[in-house]
Amino acid sequence: MAEQVTLYTNPMSRGRIVRWMLEEIGQPYKTEWLAYGPQMKSADFTAINPLGKVPAIRHGATVVTETPAILAYLADAFPQAGLAPAPADRGNYYRWLFFTSGPVESAVISQACGFTVPDDRRPMVGFVDMQRMMDIIASAITANPYVAGDAFSAADIYIASHLSFSTRVGSVGSRPVFADYIARMTDRDAFRRASAIDDEARAAQASKG
């Protein structure tokens, strides 16, 4: 696809994850910055994402929302970047990408909001207790050099970003295995470029009050 990607984002959002992905791809893209509040809930943007939340992307006529879906889409739209395994080897890639976005994120948010699942309702929810959830992630990121096997992929971008934020704010316990994985995954020029762009935008945003 020759069309340029447009990223709708805010420097204090999961859009940072998508920017990292776009920097890994290495193709030109456009950024549309949106402020939290009325701008993000405007008719123009809710036509793109009815929830009025970022990130979202537009690629030609295609609009994609939800961070892991965006990552998976971009990996397929720009296969030359090598950010997804071959289709026959995508078991772990899909498994851990969506395990993190589903059960892990649900557990983290529930804990952060102080929600406690009653024991008699536990079978209804799609996640287990936080300790066990983190044990599962720890096993996944140490089984191979990268979570999907022997090569860096979009799943590593998502998981490393999630772990980095969650450990920084204390929503998951600090573990050496997490620190090692985060350090290895983020020691990349694309990550540094992406972070610099969002950090600069965040500073500019703060200076405006």
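The opening position of the sequence shown corresponds to residue 1 in UniProt numbering, with each subsequent residue numbered one higher. C-beta atoms are modelled at their ideal positions from N, C-alpha and C, and glycine is treated no differently.
Residue i (DSSP reduced to helix, strand or coil)
i: L74; result: helix
i: L22; result: helix
i: Y181; result: helix
i: I48; result: coil
i: A138; result: helix
i: V5; result: strand
i: A56; result: strand
i: residue 212; result: A query on residue 212 cannot be resolved here, the shown segment of the chain reaching from 1 to 209 and no further.
i: Y29; result: strand
i: V169; result: helix
i: G82; result: coil
i: V125; result: coil
i: G102; result: helix
i: I36; result: As written in the sequence, residue 36 is Tyr, which differs from the Ile given in the question. Correct three-state label for Y36: coil.
i: V108; result: helix
Proximal residues to residue i (C-beta, below 7 Å), its chain only, five neighbours per side dropped
i: P55; result: L7, Y8, T9, S13, R14, G15, V18, T67, I70
i: M1; result: A caution first: M1 carries a pLDDT of 46, below 50, which makes its placement in the model unreliable, though a value can still be read off. Cβ neighbours of M1 beyond the five flanking positions: H59, G60, A77.
i: G173; result: M134
Proximal residues to residue i (C-beta, below 6 Å), its chain only, five neighbours per side dropped
i: S101; result: P68
i: V117; result: V125
i: A138; result: V177
i: N92; result: A148
i: P75; result: Note on identity: in this sequence residue 75 is Ala, with Pro being the wrong assignment. Cβ neighbours of A75 beyond the five flanking positions: L83, A84, A154.
i: A183; result: none
Cutoff 8 Å: residue i Cβ touching any chain B Cβ
i: S174; result: Among the protein chains of the structure shown there is no chain B, as only one such chain exists.
Cβ-Cβ separation, residue j to residue i (assumed contact under 8 Å), whole Å
i: V63; j: Y73; result: At roughly 10 Å, the Cβ-Cβ gap does not stay under 8 Å, so V63 and Y73 are not in contact.
i: M130; j: A107; result: 5 Å
i: W20; j: A194; result: 4 Å
i: A190; j: E24; result: 4 Å
i: S153; j: P85; result: 6 Å
i: M40; j: G52; result: 5 Å
i: Y94; j: I141; result: Rounded, the Cβ-Cβ distance is 16 Å, inconsistent with contact.
Cβ shell of residue i (< 8 Å), same chain only, five flanking positions each side left out
i: R202; result: P11, M12
i: I157; result: I17, W20, M21, E24, L71, L83, M185
i: L34; result: Y8, T9, N10, M40, F45, V54
i: D199; result: P11
Classification of residue i by the beta-carbon crowding that lies within 10 angstroms, buried from 16 upward
i: P87; result: exposed
i: I109; result: exposed
Residue i Cβ short of 7 Å to the ligand MN heavy atom set
i: I182; result: This structure lacks the ligand MN, and indeed carries no ligand of any kind.
Practice task
Could you tell me whether the stretch 1-10 touches the stretch 45-62, where touching means 3 or more Cβ pairs closer than 8 Å?
Solution key: When C-beta atoms of the stretch 1-10 are compared with those of the stretch 45-62, three or more pairs fall below 8 Å, so the two segments count as touching.
Exercise for the section: Answer yes if the stretch 144-154 comes into contact with the stretch 115-125, meaning at least three C-beta pairs across the two stretches below 8 Å, and no otherwise. Expected result: no
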